[in-house]
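Asks:
Residue numbers (this note's numbering): 1 to 202.
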């Protein structure tokens with residue numbers, strides 16, 4: 001698993017899915033690095049490697065019978081959540097950011113049975129606010145929810161969700177990422193320290 005994680009991280013950097021610079025995130029945070037995993041859908045081999053990492057994470061930490069549904073967080077999370085549900089033969093739903101203004105005006109897409117256990121899937125998590133909003137949308141219909149993410153930016157989401165008694169399992173963390181990139185000579189010592197400093201600040 002470690003070798004697969006390291007291979008995926010190096011690939012993501014090489015195709016510029018991991019970028020260094022100055023970026024404003026959707027949360028409003030100013031960051032020295034940016035992660036865009038949506039690019040993986042254009043690389044089927046590495047996309048499957050990412051899904052395999054998630055699948056192994058589910059088997060090791062949660063178990064196949066530890067949840068009833070997989071729920072994606074649009075838009076990028078849906079790419080990975082729907083593929084994971086296909087791999088695991090689990091029903092898939094997703095929660096819209098905003099309720100539809102037409103038709104049935106649904107916010108939840110799919111057929112969710114009340115009292116179900118839901119595994120939420122996200123590609124990248126920073127503060128976890130959008131993820132938490134999705135969970136709150138279906139909270140009264142579900143129980144014992146869990147979360148898996150491909151990449152955790154290590155900027156407070158795990159601690160925040162602990163306060164709601166919800167566990168986040170991560171396939172890769174940003175601290176693991178920069179160790180891999182430094183080891184494989186993708187980033188300089190200065191870039192490594194710069195990202196480390198941001199982790200301390202947050």
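Yeah, the Cβ is synthetic: ideal placement off N, Cα and C, and Gly gets one too.
Going by DSSP, name the residue or residues bridged to residue 118.
Replies: Taking the chain shown and counting its residues from 1, one reaches residue 118 at position 118. Paired residue(s): 69.
Asks: Check for me: the beta strand (DSSP E) holding residue 211 runs from which residue to which?
Replies: The requested residue 211 does not occur in the structure, where the chain is confined to residues 1 to 202.
Asks: Does the region 66-86 touch the region 155-164, meaning 3 or more C-beta pairs lie closer than 8 Å?
Replies: Output reads no: the region 66-86 does not touch the region 155-164.
Asks: Figure out for me which residue from 21, 187, 192, 175 has the closest Cα to the Cα of residue 5.
Replies: Along the chain shown, read from residue 1 onward, the residue named residue 5 stands at position 5. Selected option, being the one with the closest Cα: 175.
Asks: Whole angstroms is fine: what's the gap from residue 1's alpha carbon to residue 140's?
Replies: Mapped onto the chain shown, residue 1 falls at position 1. Mapped onto the chain shown, residue 140 falls at position 140. Approximately 36 Å, taken between the alpha carbons.
Asks: Rounded to whole angstroms, what's the CA-CA distance from residue 200 to residue 154? Just pull it up for me.
Replies: Taking the first residue of the chain shown as 1, we reach residue 200 at position 200. Taking the first residue of the chain shown as 1, we reach residue 154 at position 154. Roughly 10 Å separates the two Cα atoms.
Asks: For residue 226, count the other beta carbons within 10 Å of its own beta carbon; 16 or more makes it buried, fewer makes it exposed. Which is it?
Replies: Any question about residue 226 goes unanswered here, given that the chain covers just 1 to 202.
Asks: Applying the 10 Å Cβ sphere with the 16-neighbour rule, what's the burial state of residue 145?
Replies: Locating residue 145 in the chain shown gives position 145, counting from the first residue. Label assigned to residue 145: buried.
Asks: Residue 26: which of 180, 19, 34 sits nearest, CA to CA?
Replies: Taking the chain shown and counting its residues from 1, the one referred to as residue 26 is at position 26. Minimum Cα distance to residue 26 is reached at 34.
Asks: So the beta strand (DSSP E) residue 36 belongs to, where does it begin and stop?
Replies: Against the chain shown, residue 36 aligns to sequence position 36. Looking at the DSSP string, residue 36 is not in any beta strand (DSSP E), and its letter there is neither H nor E.
Asks: How would you write the range of the beta strand (DSSP E) that residue 152 sits in, first residue to last?
Replies: The residue labelled residue 152 in the question sits at position 152 within the chain shown. Taken as a continuous stretch (DSSP letters only), the beta strand (DSSP E) holding residue 152 covers 146-152.
Asks: Please work out which residues of its chain come closer than 7 Å, Cβ to Cβ, to residue 131, disregarding the five sequence neighbours upstream and downstream, and give them in chain order.
Replies: One-based indexing of the chain shown puts residue 131 at position 131. The answer, listed in chain order, is 73, 120, 122, 125, 147.
Asks: Whole angstroms is fine: what's the gap from residue 188's alpha carbon to residue 22's?
Replies: The sequence position of residue 188 within the chain shown is 188, counting from 1. The sequence position of residue 22 within the chain shown is 22, counting from 1. The alpha-carbon atoms of residue 188 and residue 22 are separated by roughly 16 Å.
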